[in-house]
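Reviewing the structure listed below.
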Amino acid sequence: MGRQPCCDKLGVKKGPWTAEEDKKLINFILTNGQCCWRAVPKLAGLRRCGKSCRLRWTNYLRPDLKRGLLTQAEEQLVIDLHARLGNRWSKIAARLPGRTDNEIKNHWNTHIKKKLLKMGIDPVTHEPLNKQLSSHDSSSPADHLPQVDNIHQVKENGVTLNWEENSTSSPAENSSGEESLLMNSICSDVYLMNSMWLDETPLMDTLWDSTPKLENENNGMGLPMWEDNCPWLLDCQDFGIHDFGFNCFSQIESNALQTTDMDRKGL
DNA sequence: AAGGTCTCCAACCGCGCGCAG
DNA sequence: ACTGCGCGCGGTTGGAGACCT
Numbered sequence: 001m002g003r004q005p006c007c008d009k010l011g012v013k014k015g016p017w018t019a020e021e022d023k024k025l026i027n028f029i030l031t032n033g034q035c036c037w038r039a040v041p042k043l044a045g046l047r048r049c050g051k052s053c054r055l056r057w058t059n060y061l062r063p064d065l066k067r068g069l070l071t072q073a074e075e076q077l078v079i080d081l082h083a084r085l086g087n088r089w090s091k092i093a094a095r096l097p098g099r100t101d102n103e104i105k106n107h108w109n110t111h112i113k114k115k116l117l118k119m120g121i122d123p124v125t126h127e128p129l130n131k132q133l134s135s136h137d138s139s140s141p142a143d144h145l146p147q148v149d150n151i152h153q154v155k156e157n158g159v160t161l162n163w164e165e166n167s168t169s170s171p172a173e174n175s176s177g178e179e180s181l182l183m184n185s186i187c188s189d190v191y192l193m194n195s196m197w198l199d200e201t202p203l204m205d206t207l208w209d210s211t212p213k214l215e216n217e218n219n220g221m222g223l224p225m226w227e228d229n230c231p232w233l234l235d236c237q238d239f240g241i242h243d244f245g246f247n248c249f250s251q252i253e254s255n256a257l258q259t260t261d262m263d264r265k266g267l
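For the first sequence, position 91 matches number 91 in full-length UniProt numbering, and the numbering has no gaps at all.
In structure tokens form, the structure reads like this:
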């Protein structure tokens with residue numbers, strides 16, 4: 001027996017989401033939390049399949065998402081993690097709070113891949129291209145991952161830095177110019193370094209793992225307290241933040257309008 | 001200005017895994 | 001042990017906008 005389609009193909013809308021649909025989905029999840037995705041479209045009044053709803057939520061509407069290009073530090077972290085994990089984008093994304101696997105995957109394919117090729121590094125194996133030509137190539141990216149024994153460690157400000165034996169020098173010595181900048185920015189970001197090397201789920205990822213806590217004593221509105229850590233709401237201007245009844249965010253909203261306006265102007 | 005090409009990214013598709021019955 | 005369901009993941013596609021000629 002073949003696998004059933006994830007949803008009824010008939011009457012299921014595809015393609016770009018409208019503001020109206022976003023609004024419905026957000027409203028639904030704010031009210032009910034993330035429950036059974038399969039049931040979400042029906043309950044939320046959407047003519048989408050559950051999968052599409054989940055994707056839209058996790059990749060675009062989720063509260064803790066960062067917007068905009070990856071920073072240099074994040075980019076370097078992605079490269080390092082890719083060297084260790086291969087194309088396991090969700091695992092990589094788990095180490096970058098506010099970033100989605102889709103976003104990272106896209107960024108990898110459009111930016112980082114090219115950058116590495118330009119630098120003469122194979123984006124798949126993370127080996128120098130010329131070195132690869134001479135050596136017999138083997139299989140999976142994992143085969144090319146640095147051996148644990150070859151990794152040097154140094155503690156800086158309580159953060160453990162690692163680099164490979166076959167590098168000619170430590171990270172600081174090894175890099176120059178842009179690379180040095182990247183390394184410095186990573187090393188100065190204790191949070192990134194911790195999430196990179198420790199096997200821990202970044203705090204931000206845990207914030208929205210489960211149903212939002214609707215019974216918040218502090219605001220008395222039955223709404224989660226998001227002012228501090230949910231800049232995503234600021235992006236809600238696309239469909240009007242007041243549509244959600246979040247008038248309390250007027251101050252934040254005005255800041256956001258400035259910010260997004262600057263973004264649009266490329267500042 | 002117009003047409004062609006490239007780039008980027010949101011969204012889709014199909015598969016694998018875990019779980020429940 | 002088997003089957004079906006739901007979810008999540010990774011690869012791929014398509015369209016809009018940017019850029020080039």
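Just so you know, even glycine gets a beta-carbon here, dropped at the ideal spot from N, CA and C.
What would DSSP say about residue i, mapped onto helix, strand or coil?
| i | result |
| --- | --- |
| Val-123 | Residue identity check: residue 123 is Pro in the sequence provided, not Val. If DSSP states are grouped into helix, strand and coil, Pro-123 belongs with coil. |
| Pro-41 | helix |
| Lys-91 | helix |
| Pro-16 | coil |
| Leu-198 | Note that Leu-198 scores 45 on pLDDT, short of 50, meaning its location in the model is unreliable and no value can be drawn from it. |
On the CB-based measure, 16 or more other CB atoms within 10 Å of its CB, does residue i come out buried or exposed?
| i | result |
| --- | --- |
| residue 323 | Residue 323 falls outside the range modelled here, since the chain spans only 1 to 267, and no answer is possible. |
| Thr-18 | exposed |
| Cys-36 | exposed |
| Gly-68 | exposed |
| Lys-23 | buried |
In the DSSP assignment, find the alpha helix (DSSP H) that holds residue i and state where it starts and stops.
| i | result |
| --- | --- |
| Leu-55 | 50–56 |
| Leu-81 | 72–85 |
| Asn-102 | 101–107 |
| Leu-116 | 113–118 |
Less than 9 Å between the C-beta atoms of residue i and residue j, yes or no?
| i | j | result |
| --- | --- | --- |
| Arg-38 | Lys-13 | no |
| Glu-74 | Leu-96 | yes |
| Lys-105 | Asn-87 | yes |
| His-126 | Leu-70 | no |
| Ala-93 | Asp-101 | yes |
| Ile-29 | Leu-61 | yes |
| Leu-77 | Leu-46 | no |
| Trp-108 | Pro-128 | no |
| Gln-34 | Trp-57 | yes |
| Ser-52 | Pro-63 | no |
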